[in-house]
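J.: I have a structure here, written as structure tokens, and I will follow up with some questions on it.
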Amino acid sequence: MLSATLGFLAAFALIFLRVPIALSLGLAGAVGYALLVGVKPALSMIGMSAVSSTLSYNLAVIPLFILMGNLIAGAGIAKELYRTAQAYVGHLKGGLGVATILSCGGFAAVCGSSVATAVTMGKVAIPSMREFGYSDRLATATVAAGGTLGILIPPSIIMVVYGISTETSIGELFAAGVIPGLVGIVGYSLAVRYTLYRHPDAAPDVERASRAERRATLRKTWSVAVLFAVVLGGIYAGLFTATEAAGIGASGALVFAIIRRMPWREFLRILVESAETTAVLFALIIGAKVFAEFVNYSGAHHGVLSFVQDSGFSPAMVMLVICLIYILLGCLLDSLAMMLLTLPMFFPIVVGLGYDPVWFGVMVVMLVELGLITPPIGINLFILKSVVPEVPLGTIIRGILPFVLADLGRLLLIGLVPTLALALPRLFF
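To convert, take the position in the sequence shown, counting from 1, and add 140; that gives the numbering used here.
And the structure:
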């Protein structure tokens with residue numbers, strides 16, 4: 141138990157010293173394992189962890205979904221999604237904010253990345269909202285919050301990493317993320333309306349689009365609906381695995397890029413960017429695997445589970461404490477680092493207490509999602525700051541608070557009613 145505690149403290153210290161996360165986890169795990177069993181077994185464990193992590197067939201889903209998301213972003217589909225949502229709900233009070241949330245959800249459904257969703261939709265939606273007189277506070281906060289949908293609405297790269305790290309079915313995780321994702325869209329839309337209730341001048345009225353304009357914009361977004369239906373529908377119907385679905389999705393995105401005549405220079409940039417992102421994620425997975433081997437060998441999670449069971453704490457109380465720890469860490473650590481650092485300890489405890497690993501996966505992803513917009517580390521806040529550098533960071537932070545409350549409400553709802561997350565996995569799998 142002591143060795144695991146020291147390992148966690150060492151990993152935290154290295155991360156706060158800005159040592160790369162993969163190296164921080166791998167170094168803490170390797171040194172800890174070597175101190176427990178010796179240098180030679182530790183070196184052997186590192187080699188086996190690297191090989192087993194990178195040669196897994198399931199890992200192929202990561203570069204394929206990353207490539208699909210980048211091709212979709214480069215093909216300009218985000219702009220068409222936003223124009224469609226704007227045509228249908230833009231005339232409502234705060235309608236452009238709601239349109240941004242809806243288009244973020246639609247883009248997330250074929251992208252799988254929070255960063256890509258926030259950057260792409262920020263470049264599309266913020267100029268439009270500013271043009272119609274929306275305040276910077278509302279415009280930036282809406283995109284920052286909407287961008288987080290990219291890690292919950294399937295296909296989600298974070299869910300893939302969770303599934304691989306915990307050996308949980310990726311297809312079931314994708315199915316479990318649908319209803320919470322829709323709840324998130326509703327919650328964020330309500331946060332827009334609440335912001336306007338408190339600040340009525342934040343969004344003026346916008347003229348209603350004609351019926352012809354609505355039909356025209358809808359026709360341009362059929363490709364997104366088809367790709368989403370093929371990728372997720374195929375998984376849920378049992379026609380192909382998540383890895384095969386990722387291959388089909390990437391191939392479909394490539395077809396759309398060719399149809400839209402993407403320049404060769406842009407295509408090569410996307411390939412290089414996808415390869416770089418994949419390399420970073422694989423390094424993180426290897427580092428997390430080494431750290432998990434150390435934690436497992438130390439037996440820390442068995443000791444903590446025995447303590448929890450002997451102490452008389454209810455499983456609900458333990459889960460509440462874990463959620464509070466995640467919320468606190470979300471204010472201090474990068475989202476992926478937070479998940480990879482804590483899963484080796486928390487996952488065995490949660491499963492040992494009888495909780496469903498798929499439900500816990502959704503809870504973890506929602507907690508990670510909350511960390512994306514929680515000051516001071518919330519990465520989506522800084523992404524929006526880079527998109528609109530003239531807007532003070534304090535303005536973005538003040539605008540995001542109603543959306544943080546919406547996230548907390550959704551977290552409470554899914555925690556109290558697990559069926560909302562588990563209904564679709566039970567139906568399809």
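Heads up, the beta-carbon is just placed ideally off N, CA and C, and yes, glycines get one too.
With Gly147 as the anchor, note down where its alpha helix (DSSP H) starts and where it stops.
T.: It spans Leu142 to Phe156 - the alpha helix (DSSP H) in which Gly147 sits, taken as one unbroken run.
J.: Do you know whose CA, among Thr381, Val461, Val346 and Leu165, lies nearest Pro295's CA?
T.: The shortest C-alpha separation from Pro295 is found at Thr381.
J.: In this structure, does DSSP put Lys233 in helix, strand or coil?
T.: If DSSP states are grouped into helix, strand and coil, Lys233 belongs with coil.
J.: Does DSSP put Met478 in a helix, a strand or coil?
T.: Looking at Met478 - three-state DSSP - the assignment turns out to be helix.
J.: Classify Trp362 as buried or exposed, calling it buried when 16 or more other Cβ atoms lie within 10 Å of its own Cβ.
T.: With fewer than 16 Cβ atoms within 10 Å of its Cβ, Trp362 is classed as exposed.
J.: So the candidates are Ser164, Gly209, Leu480 and Tyr328; which of them puts its Cα closest to the Cα of Gly410?
T.: According to the sequence provided, residue 410 is Ile. The question's Gly does not apply to it. Closest by alpha carbon: Gly209.
J.: Excluding the 5 residues preceding and the 5 following Thr257 in the sequence, name in chain order all residues of the same chain whose CB lies nearer than 6 angstroms to its CB.
T.: Only Cys244, Phe247, Ala248, Cys251, Gly287 and Gly290 meet the Cβ criterion.
J.: Tell me whether the beta-carbon of Ala316 lies closer than 7 angstroms to the beta-carbon of Val557.
T.: Cβ atoms of Ala316 and Val557: not closer than 7 angstroms.
J.: For Phe487, collect the residues of the same chain with a Cβ closer than 6 angstroms to its Cβ; drop the 5 residues on either side in sequence, then sort them by chain order.
T.: Result list for Phe487: Thr306, in chain order.
J.: Do you know offhand how far Leu154's Cα is from Leu469's?
T.: Each residue's alpha carbon lies about 15 angstroms from the other.
J.: May I have the straight-line CA-CA distance separating Gly439 from Gly147, to the nearest angstrom?
T.: Cα to Cα, Gly439 sits roughly 13 angstroms from Gly147.
J.: Taking the Cβ atom as the reference point for each residue, do Val283 and Met261 lie within a distance shorter than 7 angstroms?
T.: Contact: yes.
J.: My output table needs one value for Val300: the three-state DSSP class, helix, strand or coil.
T.: In this structure, Val300 counts as helix in the three-state DSSP scheme.
J.: What first and last residue would you give for the alpha helix (DSSP H) that runs through Phe205?
T.: Here the alpha helix (DSSP H) through Phe205 covers Val201 to Gly214.
J.: Take the Cβ of Ile206 as the centre, count every other Cβ of all protein chains shown within 10 Å, and call the residue buried at 16 or more, exposed below.
T.: Burial call: buried.
J.: If we count the other Cβ atoms within 10 Å of its Cβ and call it buried at 16 or more, is Ile462 buried or exposed?
T.: Counting Cβ neighbours within 10 Å, Ile462 comes out buried, since at least 16 surround it.
J.: Could you check where the alpha helix (DSSP H) with Gly172 kicks off and where it finishes?
T.: From DSSP, the alpha helix (DSSP H) with Gly172 extends over Ile161 to Val177.
J.: Assuming Arg354 and Ala227 are in contact, meaning their beta carbons sit under 8 angstroms apart, how far apart are those beta carbons, in whole angstroms?
T.: That belief holds up - the Cβ atoms of Arg354 and Ala227 are roughly 5 angstroms apart, short of 8 angstroms.
J.: What are the boundary residues of the alpha helix (DSSP H) that includes Ile523?
T.: Its alpha helix (DSSP H) spans residues Ile519 to Val527.
J.: DSSP on Lys268, reduced to helix/strand/coil?
T.: Note that residue 268 is Ser in the sequence shown here, rather than Lys. If DSSP states are grouped into helix, strand and coil, Ser268 belongs with the helices.
J.: Helix, strand or coil, according to DSSP, for Cys471 in the structure here?
T.: Residue state, collapsed to three classes: coil.
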